[in-house]
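Here is the structure we will look at, set down as structure tokens.
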Amino acid sequence: MKMTWKNQSKKNPNKRPISQFQDLPFDPTEDSTFPKDKLPKNEEISNVNGHDDDNDTIKLVDSFQQQGNKLAEEGKYREALGKWESALLLMPDRAILHEQKAQILLELEETWKALQAATRATELEPSWGEAWVTLGRAQLNYGEPDSAIESLDRALAIKPDSAEARNDRQAALHHIQRRKQLQTSGLSMNQNRFSVVDKTEST
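Here is the structure:
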């Protein structure tokens, strides 16, 4: 079961995401900056003590991030990742960049890397609900629906009205129910598929 955020390029209209990913920082209908109401707390950097080097670093990181956002809007995912990686070299504790990386990596079907990036985002900002939603999606893509439910429950504890988290949790529950059905029948997905073919051929 493929679970990724909505692909803006719509390369495959039959590829159905588990939920609508709205208000992304690189949504072409929005400003390229991350919505203020979704910024992690430590993203509002202050008290730089007037050091020019610190100010220059922050400006450079912001520039890389915005460039990456624009490239992601245009569907240039690899190039966007390059910009965000450059920003993370300068400021590795910026949770939003790890979360953005995870979304793009899911789109590129690099699920393990997406899982690592999303995990890092939640480590840096454990009170950021959207990061837990992204982690849940990565876990579901990686075939860990039980872990996905735990992450989505964390998201709902932080933001109880999150429709995305509720929808994704329902998808994870469906996956678990399907797995239980297969285990009860004693068949794997492939075995079940082959048994249908055998029955058809025998009639």
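Position one of the sequence shown corresponds to residue 1 (full-length UniProt numbering), numbered consecutively onward. By construction, the Cβ of each residue, glycine as well, lies at the ideal position given by its N, Cα and C atoms. Since we're looking at a predicted model, the values are computed, not measured.
Legend entry - Nearest-angstrom Cβ-Cβ length linking A102 and T134, presumed shorter than 8 Å: Translated into the one-based positions of the sequence shown, residue 102 becomes position 102. Translated into the one-based positions of the sequence shown, residue 134 becomes position 134. Yes, they are in contact, since the Cβ atoms of A102 and T134 sit about 5 Å apart, within 8 Å.
Inset, instruction - For S147, I'd like the list of residues in its chain whose CB is within less than 6 Å of its CB, leaving aside the five on either flank, ordered along the chain. - result: As a working mapping, residue 147 is identified with position 147 in the sequence shown. Closer than 6 Å at the Cβ level, and outside the excluded window around S147, lie Q139.
Legend entry - Cβ neighbour criterion (16 or more within 10 Å) applied to N47: What you label residue 47 is simply residue 47 of the sequence shown in a count that begins at 1. A caution first: N47 carries a pLDDT of 41, below 50, which makes its placement in the model too unreliable to give a value.
Inset, instruction - Note down the Cα distance separating I149 from R169, rounded to an integer number of angstroms. - result: As a first step, residue 149 is located in the sequence shown; it is residue number 149 there, counting from the start. As a first step, residue 169 is located in the sequence shown; it is residue number 169 there, counting from the start. Each residue's Cα considered, the two are about 6 Å apart.
Inset, instruction - For the alpha helix (DSSP H) holding R94, just list the boundary residues, first then last. - result: Within the sequence shown, numbered from 1, the residue matching residue 94 stands at position 94. Taken as a continuous stretch (DSSP letters only), R94 belongs to no alpha helix (DSSP H), as it is neither H nor E.
Legend entry - I176, buried or exposed, once every other Cβ within 10 Å from all chains shown has been counted against 16: Sequence index remark: in the sequence shown, residue 176 carries index 176 (1-based). Exposed is the call here.
Inset, instruction - Under the assumption that A131 contacts E99 (Cβ atoms under 8 Å), give the Cβ distance between them as a whole number of angstroms. - result: Here the question's residue 131 lines up with position 131 in the sequence shown. Here the question's residue 99 lines up with position 99 in the sequence shown. With 8 Å as the limit, A131 and E99 qualify as a contact, their Cβ atoms being about 5 Å apart.
Legend entry - For L88 and G68, the rounded distance between their alpha carbons: Within the sequence shown, the letter at position 68 stands for residue 68. Within the sequence shown, the letter at position 88 stands for residue 88. Distance between the alpha carbons of G68 and L88 is about 12 Å.
Inset, instruction - In the DSSP assignment, find the alpha helix (DSSP H) that holds W128 and state where it starts and stops. - result: Locating residue 128 in the sequence shown gives position 128, counting from the first residue. W128 -> no alpha helix (DSSP H), and no H or E assigned at all.
Legend entry - Q65 vs W84 beta-carbon contact at 8 Å: Taking the first residue of the sequence shown as position 1, residue 65 is located at position 65. Taking the first residue of the sequence shown as position 1, residue 84 is located at position 84. At the C-beta level, Q65 and W84 come within 8 Å of one another.
Legend entry - T184, buried or exposed, once every other Cβ within 10 Å from all chains shown has been counted against 16: Indexing the sequence shown from 1 puts residue 184 at position 184. T184 is exposed by the Cβ-count criterion.
Legend entry - Cβ neighbours of V61 in the same chain (closer than 8 Å, five flanking residues each side left out): As a working mapping, residue 61 is identified with position 61 in the sequence shown. Around V61: A87, L90, M91 and R94.
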